[in-house]
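Take a look at the structure set out below.
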Amino acid sequence: MTATVTKSARPGARPTRRLVGSTLASVLVLGAASAALAAAPAPPPEPLPVDQAFPITAAIERGKMVLRFDVQPGHYLYRDRFELAMGGHSLASLPLPRGRMKQDPNFGRVEVYEQPMQLSVPATQGAAGAAPEVKLVYQGCSELAGVCYPPVTRTFRPQADGKAVAPVETGATSFKAMFRKQVSQ
Amino acid sequence: MSELSNRSRRVLIGASAVAAAAAGVLGGHWWLTRGTVAGDEAKLLAASFPAMDGGQATPMSTWQGKTLIINFWATWCGPCREEMPDFVKAQQAFGDKGLQFVGIAVDRRDAVERFAKELGINYPILLADVAWLNELRTMGNPQSVLPFTLVVSPQGKVTLRRVGRLKFDEIAAMFA
Numbered sequence: 713m714t715a716t717v718t719k720s721a722r723p724g725a726r727p728t729r730r731l732v733g734s735t736l737a738s739v740l741v742l743g744a745a746s747a748a749l750a751a752a753p754a755p756p757p758e759p760l761p762v763d764q765a766f767p768i769t770a771a772i773e774r775g776k777m778v779l780r781f782d783v784q785p786g787h788y789l790y791r792d793r794f795e796l797a798m799g800g801h802s803l804a805s806l807p808l809p810r811g812r813m814k815q816d817p818n819f820g821r822v823e824v825y826e827q828p829m830q831l832s833v834p835a836t837q838g839a840a841g842a843a844p845e846v847k848l849v850y851q852g853c854s855e856l857a858g859v860c861y862p863p864v865t866r867t868f869r870p871q872a873d874g875k876a877v878a879p880v881e882t883g884a885t886s887f888k889a890m891f892r893k894q895v896s897q
Numbered sequence: 098m099s100e101l102s103n104r105s106r107r108v109l110i111g112a113s114a115v116a117a118a119a120a121g122v123l124g125g126h127w128w129l130t131r132g133t134v135a136g137d138e139a140k141l142l143a144a145s146f147p148a149m150d151g152g153q154a155t156p157m158s159t160w161q162g163k164t165l166i167i168n169f170w171a172t173w174c175g176p177c178r179e180e181m182p183d184f185v186k187a188q189q190a191f192g193d194k195g196l197q198f199v200g201i202a203v204d205r206r207d208a209v210e211r212f213a214k215e216l217g218i219n220y221p222i223l224l225a226d227v228a229w230l231n232e233l234r235t236m237g238n239p240q241s242v243l244p245f246t247l248v249v250s251p252q253g254k255v256t257l258r259r260v261g262r263l264k265f266d267e268i269a270a271m272f273a
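Chains as they are written, first to last, in the numbering used here: chain D, 713 to 897; chain Y, 98 to 273.
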């Protein structure tokens with residue numbers, strides 16, 4: 713009985729070893745490939761849509777137009793690339809808060825906002841006492857994805873009830889009118 | 098029983114080998130094309146763009162038959178400016194192997210002129226209207242961000258779409 717078992721077990725022994733061997737080899741090859749991929753730098757993440765990278769709301773609070781910029785981690789807005797028009801009138805200087813000075817390899821020292829921030833300006837009344845329309849231009853980049861968003865224009869029509877509103881109109885910005893003073897070469 | 102078992106083992110060994118090969122091929126393909134997505138660039142390759150000298154618009158077909166690297170950029174885009182010295186170096190190194198860079202600036206002419214001179218750009222720079230940023234959405238750049246680069250083979254096939262930086266080593270690997 714024992715001899716019979718030994719005889720019938722022998723022919724299957726080599727294929728079994730081969731099976732184990734080839735499986736081990738496959739695992740090793742795949743493991744090595746995975747390790748090589750893991751060691752290589754991961755590709756940067758896909759950039760977020762600009763309105764997710766920089767969600768902005770506007771509200772009228774105690775006679776002031778308050779714009780809130782919820783700058784997402786890994787993103788930043790340039791302080792010198794803001795433009796604001798209210799009721800069709802462009803505001804010459806904006807009371808922007810201080811940002812963080814960033815040493816940019818291309819632009820030198822630039823001031824940026826990497827955290828949520830807000831901008832408050834006196835709310836001028838529109839026609840017939842209506843809340844004014846606000847047109848905002850801004851530009852920022854994603855440090856995470858290694859890209860920059862083109863300058864964007866967003867229009868807000870907040871009501872006097874203090875409720876924060878999202879932009880009602882979106883659009884690209886003409887470069888002809890933009891960046892006259894900045895982007896020092 | 099033993100014979101059937103051996104056949105099963107052989108099938109199993111074969112299946113393992115096929116699975117390993119398939120994993121390798123798929124993994125390799127993913128690795129080589131990571132960060133790229135499908136798109137439609139026919140409009141771009143058929144378009145003409147104003148050149149820096151303000152003369153006649155230059156058709157993209159000018160460089161048909163070359164390994165064409167089309168780079169969308171702007172002076173207001175830091176990462177764009179950062180990768181461009183690599184492009185200057187690559188144009189110099191692989192120009193005689195059929196590489197042709199073309200920079201398409203979505204920007205103002207005066208700013209582009211200044212920067213191109215400062216950097217010593219050794220390949221053609223064309224100017225695009227801001228409306229072209231929307232066109233990039235269908236070419237593999239859904240957020241219309243910069244920099245954005247396409248590599249087009251001499252046969253006119255897009256072999257790489259890169260949202261973000263393209264490095265010198267990656268360009269060099271195309272000519273290895």
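Built from N, CA and C at the ideal position, the CB exists for glycine as well.
Treat the numbers as computed from the prediction; the structure is a model and nothing was measured.
Residue nearest to residue i in terms of C-alpha spacing, selected from the options
i                     : options                       : result
residue 811 (chain D) : D:862, D:830, D:769 and D:800 : D:830
residue 197 (chain Y) : Y:148, Y:143, Y:268 and Y:170 : Y:268
residue 771 (chain D) : D:874, D:880 and D:879        : D:874
residue 677 (chain D) : D:763, D:800 and D:761        : Outside the shown range of chain D (713 to 897) lies residue 677 (chain D), about which nothing can therefore be said.
residue 242 (chain Y) : Y:254, Y:253, Y:258 and Y:252 : Y:258
residue 803 (chain D) : D:758, D:864, D:768 and D:777 : D:777
residue 759 (chain D) : D:866, D:852, D:881 and D:805 : D:852
residue 187 (chain Y) : Y:253, Y:219, Y:153 and Y:161 : Y:219
residue 296 (chain Y) : Y:261, Y:263, Y:254 and Y:264 : Residue 296 (chain Y) lies beyond the residue range present for chain Y, which begins at 98 and ends at 273; the question has no answer from this structure.
residue 262 (chain Y) : Y:208, Y:223, Y:182 and Y:229 : Y:182
residue 200 (chain Y) : Y:160, Y:190 and Y:231        : Y:160
residue 825 (chain D) : D:862, D:835 and D:814        : D:814
residue 180 (chain Y) : D:817, D:807 and D:805        : D:817
residue 848 (chain D) : D:856, D:871, D:866 and D:828 : D:866
residue 252 (chain Y) : Y:177, Y:195 and Y:191        : Y:195
residue 302 (chain Y) : Y:260, Y:244 and Y:109        : This structure cannot speak to residue 302 (chain Y), because chain Y is shown only from 98 to 273.
Alpha-carbon to alpha-carbon, residue j and residue i
i                     : j                     : result
residue 860 (chain D) : residue 793 (chain D) : 13 angstroms
residue 270 (chain Y) : residue 785 (chain D) : 34 angstroms
residue 869 (chain D) : residue 877 (chain D) : 7 angstroms
residue 107 (chain Y) : residue 755 (chain D) : 39 angstroms
residue 134 (chain Y) : residue 272 (chain Y) : Reliability fails at residue 134 (chain Y), whose pLDDT of 42 lies under 50, so the model's placement of it is uncertain and the value that follows must be treated cautiously. Answer to the nearest angstrom: the Cα atoms are 22 angstroms apart.
residue 256 (chain Y) : residue 774 (chain D) : 57 angstroms
residue 720 (chain D) : residue 104 (chain Y) : Confidence at residue 720 (chain D) is low in this model, with a pLDDT of 43, below 50, so its placement is unreliable and the value that follows should be read with caution. About 16 angstroms.
residue 193 (chain Y) : residue 210 (chain Y) : 26 angstroms
residue 846 (chain D) : residue 239 (chain Y) : 27 angstroms
residue 214 (chain Y) : residue 174 (chain Y) : 17 angstroms
residue 125 (chain Y) : residue 236 (chain Y) : Legend: pLDDT at residue 125 (chain Y) = 48, less than 50; position of this residue unreliable, value from coordinates given subsequently. Spanning the two alpha carbons is a distance of roughly 23 angstroms.
residue 833 (chain D) : residue 205 (chain Y) : 30 angstroms
residue 783 (chain D) : residue 789 (chain D) : 8 angstroms
residue 146 (chain Y) : residue 265 (chain Y) : 26 angstroms
residue 139 (chain Y) : residue 779 (chain D) : 41 angstroms
residue 797 (chain D) : residue 836 (chain D) : 11 angstroms
residue 234 (chain Y) : residue 149 (chain Y) : 25 angstroms
residue 229 (chain Y) : residue 203 (chain Y) : 8 angstroms
residue 163 (chain Y) : residue 827 (chain D) : 45 angstroms
residue 761 (chain D) : residue 791 (chain D) : 20 angstroms
residue 212 (chain Y) : residue 819 (chain D) : 12 angstroms
residue 111 (chain Y) : residue 260 (chain Y) : 40 angstroms
residue 795 (chain D) : residue 821 (chain D) : 20 angstroms
Beta carbon proximity, residue i to chain D, threshold 8 angstroms
i                     : result
residue 179 (chain Y) : yes
residue 203 (chain Y) : yes
residue 261 (chain Y) : yes
residue 269 (chain Y) : no
residue 248 (chain Y) : no
residue 188 (chain Y) : no
residue 130 (chain Y) : Bear in mind that the predicted position of residue 130 (chain Y) carries a pLDDT of just 45, short of 50, making it unreliable; the figure below should be weighed with that in mind. So no, residue 130 (chain Y) is outside the interface.
residue 57 (chain Y)  : Beyond the ends of chain Y as shown, which are 98 and 273, falls residue 57 (chain Y); an answer cannot be given.
residue 241 (chain Y) : yes
residue 185 (chain Y) : no
residue 227 (chain Y) : yes
residue 200 (chain Y) : no
residue 175 (chain Y) : yes
residue 244 (chain Y) : yes
Cutoff 8 angstroms: residue i Cβ touching any chain Y Cβ
i                     : result
residue 792 (chain D) : no
residue 859 (chain D) : yes
residue 827 (chain D) : no
residue 851 (chain D) : yes
residue 819 (chain D) : yes
residue 763 (chain D) : no
residue 844 (chain D) : no
residue 759 (chain D) : yes
residue 785 (chain D) : no
residue 782 (chain D) : no
residue 816 (chain D) : yes
Check: residue i C-beta below 7 angstroms from any heavy atom of the ligand MG
i                     : result
residue 165 (chain Y) : By its list of ligands, the structure shown contains no ligand whatsoever, and the ligand MG lies outside what it can speak to.
Beta-bridge pairing of residue i - partner residues as DSSP gives them
i                     : result
residue 140 (chain Y) : None; residue 140 (chain Y) has no bridge partner.
residue 190 (chain Y) : According to DSSP, which records beta bridges pairwise, residue 190 (chain Y) is partnered with nothing at all.
residue 878 (chain D) : Looking at the DSSP assignment, residue 878 (chain D) forms no beta bridge with any residue, so it has no partner.
residue 834 (chain D) : D:776
residue 202 (chain Y) : Y:170 and Y:224
residue 790 (chain D) : D:824
- Query: Is the stretch 165-177 of chain Y close to the stretch 239-252 of chain Y, with three or more CB pairs under 8 angstroms?
  - Reply: Verdict: yes, contact present.
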